Amino acid sequence: MGSRDGGGPAGVRGALRAPSPASRRGGAIPGGSGPLNAPGPLLPGGRVFLTGGSGLVGSHVAEVLRREGHPVRAFHRRGSDVGHLRELGCELLEGALPAGEPALAAATRGCEAVVHAAALIYTDLSWPRVRAVNVEGSANVFRAAAAAGVRRAVFLSSVAAYGDPAPSVDERTPLDGRLHPWERYARSKREGERVISEIAGPAGMAVAVLRPSAIYGERDRLFTPKIASALRFPIHPMLGGGRTPMSAVYAGNVAAAVLAGLRGPLPVGTRAYNVADDYGLSQRELYSGLARELGVPFRPVSLPRVLVQMGASLGVALGMRIPGAEELPLRRAAHLAIHSNPYLSERIREELGWSPAVPSEEALRRTAAWIARIWGAGGNVRFKPVSIPPEPTP
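21 is the number of the first residue of the sequence shown in the working numbering; add one for each residue after it.
#1: Do the region 122–131 and the region 147–156 meet, that is, are 3 or more Cβ pairs less than 8 Å apart?
#2: Is the beta carbon of G289 closer than 8 Å to that of A228?
#3: Drop a sphere of 10 angstroms on the beta-carbon of R98, count the other beta-carbons inside from all chains shown, and report buried for 16 or more, exposed for fewer.
#4: From the DSSP output, which residues share a beta bridge with M258?
#5: Assign R192 to buried or exposed, taking buried as 16 or more other Cβ atoms, counted over all protein chains shown, within 10 Å of its Cβ.
#6: Check whether the Cβ atoms of V179 and N273 lie closer than 8 Å to each other.
#7: Could you tell me whether the Cβ atoms of T387 and D297 are closer together than 8 Å?
#8: In the DSSP assignment, the beta strand (DSSP E) including S294 goes from what residue to what residue?
#9: Report the rounded CA-to-CA distance for A250 versus H256, giving the unit in angstroms.
#10: Would you mind listing the alpha helix (DSSP H) stretches within the region 192–223 that are 4+ residues and don't spill past its ends, in chain order?
#11: Does the beta-carbon of A127 have 16 or more other beta-carbons within 10 angstroms, so that it is buried, or is it exposed?
#12: For V321, which residues of its own chain have a beta-carbon under 6 Å away from its beta-carbon, when the five flanking residues on both sides are left out?
#13: Out of V215, A226 and G261, point me to the one whose CA is closest to N160's CA.
#14: What's the call for W374, buried or exposed, on a 16-neighbour Cβ count within 10 Å?
#15: Might you give, ordered along the chain, the residues of its own chain that have their beta carbon closer than 6 Å to the beta carbon of C110, omitting 5 neighbours on each side?
#16: Does the ligand FMN have even one heavy atom less than 7 Å from the beta-carbon of A181?
#17: Who are the near neighbours of L85 in its chain, counting only those whose CB is closer than 7 Å to its CB and skipping five residues on each side?
#18: Can you look up P61 in the DSSP assignment and give me helix, strand or coil?
#19: In this structure, how does DSSP classify I247 when only helix, strand and coil are distinguished?
#20: By a C-beta neighbour count over all protein chains shown, 10 Å radius and 16 as the cutoff for buried, is F162 buried or exposed?
#21: Leaving out five residues on either side along the sequence, give the residues of the same chain with a beta carbon under 8 Å from the beta carbon of P222.
#22: Mind reading off the beta-carbon distance from E88 to L372? Whole number of angstroms is fine, and I expect it under 8 Å.
#23: Which whole-angstrom value describes the C-beta separation of I368 and A277, a residue pair presumed to lie in contact below a C-beta threshold of 8 Å?
#24: Within 8 Å (strictly less), CB to CB, does L76 reach chain C?
#25: Report the rounded CA-to-CA distance for E132 versus A186, giving the unit in angstroms.
#26: Just to confirm before moving on: does the CB-CB distance between L364 and D196 stay below 8 Å?
#27: How big is the Cα-Cα spacing for L310 and P59?
#28: If you reduce the DSSP assignment to three classes, tell me which class P265 lands in.
#29: Check the DSSP bridge columns for A173 and list the partner residues they point to.
#30: Would you please state the rounded distance, in angstroms, between the beta carbons of T71 and A167? I believe it to be under 8 Å.
#31: How close, in whole Å, do the beta carbons of A275 and Y236 come, if the pair is a contact with beta carbons under 8 Å?
#32: Suppose you measure from the CA of P41 to the CA of R291; what does that come to, to the nearest Å?
#33: Considering only their Cβ atoms, is the gap separating A181 from A206 smaller than 8 Å?
#34: List the whole-angstrom C-beta distance separating A383 from Y270, where the pair is believed to meet the contact cut-off of C-beta under 8 Å.
#35: Return helix, strand or coil for E238, following the three-state DSSP convention.
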């Protein structure tokens with residue numbers, strides 16, 4: 021696992037280092053559409069409007085912002101678990117996307133910045149429903165923020181927007197990789213980036229578009245709980261040996277990237293940043309770290325790459341999908357599992373000074389502690405169900 025120095029549980033300030041000399045100079049960042057520090061960074065004590073605050077990334081963003089002294093107005097769906105936000109002292113505002121612009125304009129009024137983390141991720145809802153929330157809802161948030169005078173924002177996108185990855189993917193890679201018809205989340209993030217770019221420039225907004233990879237951490241209900249459940253089996257298959265760096269990042273370090281996006285030098289318009297690698301965690305390190313913290317044995321069995329690829333091809337032929345992540349194509353999942361992380365995260369380090377404060381060992385300890393608290397009888401992980409509004413009838 022990574023051994024870089026971390027900042028400890030409250031080490032958010034350690035997550036930001038001085039931007040590179042090139043990014044401190046006047047003028048525009050290459051690929052940007054305006055001058056540096058225009059409209060300017062989030063000032064100390066500035067209020068932030070946060071969507072998706074009850075989710076994995078949003079809850080960590082709320083922690084970071086409150087720890088740094090920023091008032092947070094958290095927009096959440098009815099039925100969401102907001103206990104954590106309430107404990108942090110966030111102002112709670114109930115609503116659902118795609119909310120109308122007038123309501124969102126009132127919600128963003130008095131805020132200096134917006135962090136838009138709300139989205140439908142892997143869901144069996146139809147494309148029109150996913151698009152309504154993830155694309156139209158995002159557009160409404162940014163139009164309302166612009167009307168309210170907000171000039172600084174962060175949009176949580178995803179590396180999924182790239183589609184099938186090349187061997188090396190940085191932010192200059194166009195968002196035109198193949199997407200399958202069922203990849204509604206990835207498609208919505210690709211379209212969401214486009215519409216926000218169309219809004220931000222004319223409105224004079226500076227928007228950091230963050231593209232995280234797989235995210236783990238406390239309050240993760242998608243990724244690590246499945247691994248924790250798999251650890252109860254007698255053996256633990258390691259795809260391709262499990263020693264290559266994964267496309268994974270700790271939620272607390274993503275939150276630090278959000279803070280960097282709010283404070284670092286940005287041009288007017290949108291600027292994309294991959295957030296896909298904090299400490300180069302491998303599959304073996306992830307499984308063994310969680311097993312150690314949960315007090316269960318780790319019994320790895322290596323599966324050769326060729327066997328993994330053959331299994332993925334057979335699964336595709338049989339129409340199989342990944343449980344809980346049905347939108348992720350099997351061949352792409354297998355490719356990412358047996359090859360090194362293709363997504364490069366150097367731009368955010370160089371331009372915004374992102375330096376992840378929480379090393380892998382501490383991140384896994386925190387994640388395992390949270391899983392242990394919600395672990396149910398018989399080795400099952402129990403979660404409070406999240407209410408999804410039904411699709412409107414035609």
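Glycine included, C-beta positions come from ideal geometry on N, C-alpha and C. Source: prediction; values computed, not measured.
According to the structure data:
#1: no
#2: no
#3: exposed
#4: S322
#5: exposed
#6: no
#7: no
#8: Sequence inspection shows Asn at residue 294; the Ser mentioned does not correspond to that position. It spans G289 to V295 - the beta strand (DSSP E) in which N294 sits, taken as one unbroken run.
#9: 7 Å
#10: 204–223
#11: buried
#12: I255 and P257
#13: V215
#14: buried
#15: A82, V92 and A94
#16: No copy of the ligand FMN occurs in the structure displayed, which carries no ligand at all.
#17: V68 and V92
#18: coil
#19: helix
#20: buried
#21: none
#22: That belief does not hold up - the Cβ atoms of E88 and L372 are roughly 15 Å apart, past 8 Å.
#23: 6 Å
#24: Looking for chain C here will not work: only one protein chain is present.
#25: 38 Å
#26: no
#27: 43 Å
#28: strand
#29: V134 and V227
#30: Contact flag wrong, Cβ pair sits at about 16 Å.
#31: Going by Cβ atoms, the distance from A275 to Y236 rounds to 13 Å, so no, they are not a contact pair.
#32: Low per-residue confidence applies at P41: pLDDT is 40, beneath 50, and the placement is therefore not dependable, though the value from the model is reported in the following sentence. Approximately 18 Å between the Cα atoms of the pair.
#33: yes
#34: 4 Å
#35: coil
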